[in-house]
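Engineer: Here it is, the structure in full.
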Amino acid sequence: DSGVTQTPKHLITATGQRVTLRCSPRSGDLSVYWYQQSLDQGLQFLIQYYNGEERAKGNILERFSAQQFPDLHSELNLSSLELGDSALYFCASSAQSYSNEKLFFGSGTQLSVL
Amino acid sequence: DQQVKQNSPSLSVQEGRISILNCDYTNSMFDYFLWYKKYPAEGPTFLISISSIKDKNEDGRFTVFLNKSAKHLSLHIVPSQPGDSAVYFCAASDHSGGSNYKLTFGKGTLLTVNP
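Written as structure tokens, this is what we have:
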């Protein structure tokens with residue numbers, strides 16, 4: 010158990026809809042990261058938050074947004090969903106924000122857009 | 168443009184033998200490399216890392232080798248055990264962006280260790 014909790018584990022929705030994925034980092038970790046793993050793709054970095062503030066942005070679509078709340082949990086909002094958004098979304102956390110820190114990953118949210 | 172490449176989607180080895188997983192990268196700014204292991208229905212877990220100032224790092228049965236001139240790293244598992252069967256991801260980062268963090272992952276290699 011990594012200590013990172015993601016909910017829900019599975020989500021099935023229709024095109025055009027909006028969903029919210031939730032992540033609780035390990036106790037004491039200040040950084041939260043979101044990754045997307047599509048079929049036959051590696052883990053694609055989406056965005057990082059550190060202590061409530063956006064720290065780094067990757068290949069995140071404009072239809073997607075995220076935030077980190079004062080209690081350090083994070084939410085990833087996906088809107089106007091398309092079939093291609095179907096993927097496994099991972100949240101990870103680390104204590105600080107250094108690039109040589111190891112990340113602790115949750116077990117992911119499997120999103121299916123029908 | 169895939170900056171971290173794991174060209175072997177899968178690898179099968181016998182228990183007790185050596186497993187060698189390979190990874191190539193194109194970005195010369197990468198200076199820190201990590202391997203993560205992923206079991207089905209679980210998130211990736213950190214396995215081992217290496218800084219670009221080293222060419223080898225060892226942790227028990229796991230050794231990572233880095234060849235900077237070839238932009239190549241490899242993970243050796245000796246001896247391989249059935250419990251090592253998992254997807255292995257190679258990842259790389261650079262410090263040039265200051266405190267900004269972006270870990271670039273490969274697509275992964277599925278290792279199967281047969282009893």
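First to last, the protein sequences are chains P and X. Just so you know, we're using the numbering used here here: the first sequence kicks off at 10 and counts up by one. Just so you know, we're using the numbering used here here: the second sequence kicks off at 168 and counts up by one. All C-beta atoms in this analysis are idealised placements derived from N, C-alpha and C, irrespective of residue type, glycine included. The model shown is predicted, which means the values in this text are computed figures rather than measured ones.
Within its chain, find whatever has a CB closer than 7 angstroms to the CB of S266 of chain X; leave out the 5 residues flanking it on each side and keep chain order.
Structural biologist: In the second sequence, counting from the first residue as 1, residue 266 of chain X sits at position 99. Because the pLDDT of S266 of chain X is 49, which lies under 50, any placement of that residue in the model is unreliable, and the question is left without a value.
Engineer: Could one say the Cβ of G250 of chain X lies closer than 9 angstroms to chain P's Cβ atoms, at least one of them?
Structural biologist: Locating residue 250 of chain X in the second sequence gives position 83, where the first residue counts as 1. Not an interface residue.
Engineer: For a test of the three-state rule: what should DSSP assign to Y59 of chain P, helix, strand or coil?
Structural biologist: The residue you call residue 59 of chain P lines up with position 50 of the first sequence. The answer is strand: DSSP assigns Y59 of chain P an E or B state.
Engineer: Tell me the DSSP bridge mates of F213 of chain X?
Structural biologist: Walking along the second sequence from the start, residue 213 of chain X turns up at place 46. F213 of chain X pairs with X:Y203.
Engineer: Using C-beta distances below 7 angstroms, list every residue in its chain close to S179 of chain X, excluding the 5 sequence neighbours before and after it, in chain order.
Structural biologist: By one-based count along the second sequence, residue 179 of chain X stands at place 12. Excluding residues within five positions, the ones whose Cβ falls inside 7 angstroms are T279 and N281.
Engineer: Alpha carbons only, please: which of X:C190, X:N234, X:Q181 and X:P211 is nearest the one belonging to Q248 of chain X?
Structural biologist: Locating residue 248 of chain X in the second sequence gives position 81, counting from the first residue. Checked all of X:C190, X:N234, X:Q181 and X:P211; the closest Cα to Q248 of chain X is X:Q181.
Engineer: Mapping DSSP to helix, strand and coil, what is L48 of chain P?
Structural biologist: Translated into positions along the first sequence, residue 48 of chain P becomes position 39. L48 of chain P: coil per DSSP, three-state reduction.
Engineer: Residues in the region 74-100 of chain P with C-beta within 8 angstroms of chain X's C-beta atoms, listed in sequence order?
Structural biologist: Listed in sequence order: F99.
Engineer: Any residues in the region 26-60 of chain P with a beta carbon nearer than 9 angstroms to a beta carbon of chain X? Which ones, in chain order?
Structural biologist: Those residues of the region 26-60 of chain P that come within reach of chain X (Cβ to Cβ, closer than 9 angstroms) are S40, Y42, Y44, Q46, D49, Q50, G51, L52, Q53, F54, Q57 and Y59.
Engineer: Please list, in chain order, all residues of the same chain as N189 of chain X whose beta carbon is under 6 angstroms from its beta carbon, the five residues on each side excluded.
Structural biologist: The residue given as residue 189 of chain X occupies position 22 in the second sequence. S241.
Engineer: Sort P:S74, P:L97 and P:S47 by Cα distance to Y58 of chain P and report the nearest one.
Structural biologist: As a working mapping, residue 58 of chain P is identified with position 49 in the first sequence. Ranking the options by Cα distance to Y58 of chain P, first place goes to P:S74.
Engineer: Secondary structure at D226 of chain X, three-state DSSP: helix, strand or coil?
Structural biologist: Position 59 of the second sequence, counted from the first residue, corresponds to residue 226 of chain X. Of the three classes helix, strand and coil, the one that applies to D226 of chain X here is strand, per DSSP.
Engineer: Is the Cβ of Q181 of chain X closer than 9 angstroms to any Cβ of chain P?
Structural biologist: Position 14 of the second sequence holds residue 181 of chain X. Answer no: the Cβ-Cβ gap between Q181 of chain X and chain P never drops below 9 angstroms.
Engineer: Taking its Cβ as the centre, do 16 or more other Cβ atoms sit within 10 Å of S216 of chain X, making it buried, or is it exposed?
Structural biologist: In the second sequence, residue 216 of chain X corresponds to position 49, counting from 1. Buried.
Engineer: Can you give me the start and stop residues for the beta strand (DSSP E) that A101 of chain P sits inside?
Structural biologist: Along the first sequence, read from residue 1 onward, the residue named residue 101 of chain P stands at position 92. It spans A96 to S103 - the beta strand (DSSP E) in which A101 of chain P sits, taken as one unbroken run.
Engineer: According to DSSP, is K242 of chain X helix, strand or coil?
Structural biologist: Sequence index remark: in the second sequence, residue 242 of chain X carries index 75 (1-based). Note on residue identity: the sequence assigns Leu, not Lys, to residue 242 of chain X. Reduced to three states, the DSSP call for L242 of chain X is strand.
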